Amino acid sequence: MLSPVEIGVLGATGPAGTGIAARLAAIGHNVVAGSRERSRADAVVATLREKWDARVDGLRAGTNDDAAAAQDLVIVATTWEGAVDTAAAHASALAGKVVASMANGLEKVGHEFRPVLPEAGSLAEAVQAAAPAARVASAFHMIPAATFGNLDEEMDSDVVVCSDDDVARDLVIDLVSSIPNLGAFDGGSLANSVGLEAFTAVLLTVNLRHKGSATLRLAGVDRRSPR
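Numbering-wise, our numbering puts 96 at position 95 of the sequence shown, and it's gapless, one number per residue.
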């Protein structure tokens, strides 16, 4: 079981960032909810404290600079359009740190979603290129922001983690496993993130057309890393 760690969330005022910040604080981690504007982070944290009270005691507001300075792990939870620029802006602070990218490039065309992938192959690889000294892993692609943010709802999903760095992969797998009812799987190198990011568009299209809320669940394999 992962002991409480300090986690910075870049872009914690958007739906994904707010949701994962609240969820991680609720299970005992110390979370810095970052935003480009401190006032926005203050407002989000105040709202979460009003709603969840002592369940999010470990959550505090800060700027993205504060979030990037988190001791143990930083999560890039901005909109997908801003993920690479945000990583580049904080590249020095992220050097040597484990950085989890949860960005999915998506566009809605008619009654379906389609992936938007950068020249680097995946947004996770583009984040790594933007912050070359960071230890980037990709994770959390197929979990809806609303599911993260509703602390009264038990999560029921699996998360595939990809990275070129063994330390990053193992820490993010441990982080995923610290969230009740989430399974963590080793998905190999960061290059495999492209498949996860692209398939998220398919999963969202299924949910849109079937009016559902399906997430990823893998069968026939043990959870966590095989190492």
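Using N, Cα and C, we set each Cβ at its ideal position, and we do this for glycine too.
Just so we're clear, the structure is a prediction, and the values are computed from it rather than from any experiment.
Asked, Found
"Cβ neighbour criterion (16 or more within 10 Å) applied to Gln72", "exposed"
"According to DSSP, residues forming a beta bridge with Glu113", "Val110"
"Span of the alpha helix (DSSP H), counted from its first residue to its last, around Asp86", "Trp81 to Ala90"
"Euclidean distance between Cα positions of Gly35 and Asp167", "26 Å"
"Cutoff 6 Å; reference Gly20; Cβ partners in own chain excluding five residues on either side", "Ala146, Phe149 and Gly150"
"Coarse secondary structure for Leu217, derived from DSSP in three states", "coil"
"Three-state secondary structure (DSSP) of Ser178", "helix"
"Contacting residues, own chain, Cβ-Cβ under 6 Å from Asp175 (five flanking each side not counted)", "Leu3"
"Distance CB(Val110)-CB(Ala68) smaller than 9 Å", "no"
"For Thr64, the first and last residue of its enclosing beta strand (DSSP E)", "Leu60 to Thr64"
"Val75 beta carbon less than 9 Å from that of Ile8", "yes"
"Local Cβ density within 10 Å of Gly63, reported as buried at 16 or more and exposed below that", "buried"
"Beta-ladder partner(s) of Ile76, from DSSP", "Val10 and Ala101"
"Beta carbon of Ser139 nearer than 9 Å to that of Leu191", "yes"
"Runs of beta strand (DSSP E) lying entirely within the segment 30-55, each at least 3 residues, in chain order", "31-36"
"Reduced DSSP secondary structure (H/G/I, E/B, other) of Ala70", "coil"
"Ser40 versus Arg50 - alpha carbon distance", "15 Å"
"Among Arg210, Pro133 and Lys98, nearest to Val173 - alpha-carbon criterion", "Lys98"
"Closest Cα partner of Pro133 within the set Glu82, Glu120 and Ser93", "Ser93"
"Test item: CB-CB of Val162 and Gly188 under 9 Å", "yes"
"Whole-Å CB distance - Ala88 paired with Val128, under 8 Å assumed", "4 Å"
"Straight-line gap, Leu219 to Leu183 (C-alpha atoms, nearest Å)", "11 Å"
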